[in-house]
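Reading through the structure tokens given below for one structure.
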Amino acid sequence: MCPEDGQALPQLNAKELDHFLNLLQLEIAKFNNFFVDKEEEYVIKLKELQDRVVEAVDSNVDLMSLGREIVDFHGEMVLLENYSALNYTGLVKIIKKHDKKTGALLRSPFIQSVVNQPFYEIDVLNKLVKECEVILSILFTNGPSSSISQDFMQNGFGSMSGNENKETVMQVPEELSEIKNMKNMYIQLTLSALHTLEQIRGRSSTVSMFPSSPNN
Numbered sequence: 046m047c048p049e050d051g052q053a054l055p056q057l058n059a060k061e062l063d064h065f066l067n068l069l070q071l072e073i074a075k076f077n078n079f080f081v082d083k084e085e086e087y088v089i090k091l092k093e094l095q096d097r098v099v100e101a102v103d104s105n106v107d108l109m110s111l112g113r114e115i116v117d118f119h120g121e122m123v124l125l126e127n128y129s130a131l132n133y134t135g136l137v138k139i140i141k142k143h144d145k146k147t148g149a150l151l152r153s154p155f156i157q158s159v160v161n162q163p164f165y166e167i168d169v170l171n172k173l174v175k176e177c178e179v180i181l182s183i184l185f186t187n188g189p190s191s192s193i194s195q196d197f198m199q200n201g202f203g204s205m206s207g208n209e210n211k212e213t214v215m216q217v218p219e220e221l222s223e224i225k226n227m228k229n230m231y232i233q234l235t236l237s238a239l240h241t242l243e244q245i246r247g248r249s250s251t252v253s254m255f256p257s258s259p260n261n
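Rendered as structure tokens:
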């Protein structure tokens, strides 16, 4: 029974406690492996996209197709950030409920351990998201507005002159407005998904399972 019911807390069993903590550590290891693999994949992918933006400006390749891919990529990284936050929230709720039912004091040291886990450390991922947004700003704005675009100008875009480079960057196809709408749609869908999750978690009085990785 819970403490507020006025009943005595159950006696802690060391073996059961160790088993519970081992299960949590196994789940954390899964979170870490998935997150690290995705993060490494995104580092490589971003570099490829940056190179393709240079090629697109230089050779007039289909910016529409490239823009769609960049928006999709940005959405994936935002979802990975949400994955990190939701897994952290799930773990905290699980350990909090365990402490409440057993009288154990695991929450504080456990959370301290979790915040040092790779899946919780999203500094690199945040940097990737921002750099992706810089690429999008090059496509969506009427001129260079970032360090990347300045590098493009300095590198000369191949054989074109500086003035031609600037004109090329400024001549963004009108269809790119559709990509901008797609980006806004991703933001709205993400906010809607998070709002739904908050409602579900608010109605739920128990945590029945660990958060899972998106590909499970």
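Numbering (the working numbering), first residue to last: 46 to 261.
Note that beta-carbon positions come from the ideal geometry of N, C-alpha and C, so glycine has one too.
If you're wondering where the values come from, they're calculated on a predicted model, not measured in any experiment.
**Report entry** Local conformation of residue 149 per DSSP, three classes
**Finding:** Here residue 149 refers to the residue found at position 104 when the sequence shown is read from its first residue. In this structure, residue 149 counts as coil in the three-state DSSP scheme.
If the criterion is Cβ atoms closer than 8 Å, does the pair residue 125 and residue 170 meet it? In the sequence shown, the residue the question calls residue 125 occupies position 80. In the sequence shown, the residue the question calls residue 170 occupies position 125. Taking 8 Å as the Cβ cut-off, residue 125 and residue 170 qualify as a contacting pair.
Own chain, CB closer than 8 Å to residue 90, minus 5 neighbours either side, in chain order | Here residue 90 refers to the residue found at position 45 when the sequence shown is read from its first residue. For residue 90, where only same-chain residues beyond five positions count, the Cβ hits under 8 Å are 118.
**OP:** Tell me whether residue 129 is buried or exposed, calling it buried when 16 or more other Cβ atoms sit within 10 Å of its Cβ.
**Re:** Position 84 of the sequence shown holds residue 129. It counts as buried.
Since I believe residue 156 is in contact with residue 174 (beta carbons under 8 Å), could you give me their beta-carbon distance rounded to a whole number of angstroms? In the sequence shown, counting from the first residue as 1, residue 174 sits at position 129. In the sequence shown, counting from the first residue as 1, residue 156 sits at position 111. Incorrect: roughly 25 Å between the Cβ atoms, too far for contact.
Practice task
Give me the Cα-Cα distance between residue 88 and residue 147, rounded to the nearest whole angstrom.
Solution key: Locating residue 88 in the sequence shown gives position 43, where the first residue counts as 1. Locating residue 147 in the sequence shown gives position 102, where the first residue counts as 1. Rounded to whole angstroms, residue 88 to residue 147 spans 43 Å at the Cα level.
Of the residues 85, 120 and 97, the one placed nearest residue 110, counting alpha carbons only:
Locating residue 110 in the sequence shown gives position 65, counting from the first residue. Of the candidates 85, 120 and 97, the one whose C-alpha sits nearest the C-alpha of residue 110 is 97.
- Task: Compute the Euclidean distance between the alpha carbons of residue 145 and residue 121, then round it to the nearest angstrom.
- Result: Within the sequence shown, residue 145 is the residue found at index 100, counting from 1. Within the sequence shown, residue 121 is the residue found at index 76, counting from 1. The straight-line gap from Cα to Cα measures roughly 36 Å.
- Message: Whole angstroms are fine: how far does the CA of residue 73 sit from the CA of residue 92?
- Response: What you label residue 92 is simply residue 47 of the sequence shown in a count that begins at 1. What you label residue 73 is simply residue 28 of the sequence shown in a count that begins at 1. Near 29 Å, if we compare the C-alpha coordinates of residue 73 and residue 92.
#### Entry: residue 94 versus 83, 149 and 108, residue with shortest Cα-Cα distance
Numbered from its first residue, the sequence shown carries residue 94 at position 49. Nearest of 83, 149 and 108 to residue 94, Cα basis: 108.
(request) Measuring only between beta-carbons, confirm whether residue 124 sits less than 8 Å from chain D. (result) Included in the structure is just one protein chain, with no chain D present.
(message) Taking the alpha-carbon of residue 166 as reference, which of 114, 84, 58 and 152 has the nearest alpha-carbon?
(response) Position 121 of the sequence shown, counted from the first residue, corresponds to residue 166. The candidate whose alpha carbon is nearest that of residue 166 is 84.
Q. Near residue 150, which residues of its chain fall below 7 Å by C-beta distance, leaving aside the five closest residues on each side in sequence?
A. Within the sequence shown, the letter at position 105 stands for residue 150. Excluding residues within five positions, the ones whose Cβ falls inside 7 Å are 144.
Other residues of its chain near residue 115: CB distance less than 7 Å, five sequence neighbours each side excluded:
In the sequence shown, counting from the first residue as 1, residue 115 sits at position 70. Same-chain partners within the cutoff: 94, 177, 180 and 181.
- prompt: For residue 101, which residues of its own chain have a beta-carbon under 6 Å away from its beta-carbon, when the five flanking residues on both sides are left out?
  reply: Your numbering for residue 101 matches position 56 in the sequence shown. Result list for residue 101: 108 and 111, in chain order.
What are the complete alpha helix (DSSP H) segments, minimum 4 residues, inside the region 160-188?
168-185
Any idea what DSSP makes of residue 77, helix, strand or coil?
-> Your numbering for residue 77 matches position 32 in the sequence shown. Correct three-state label for residue 77: helix.
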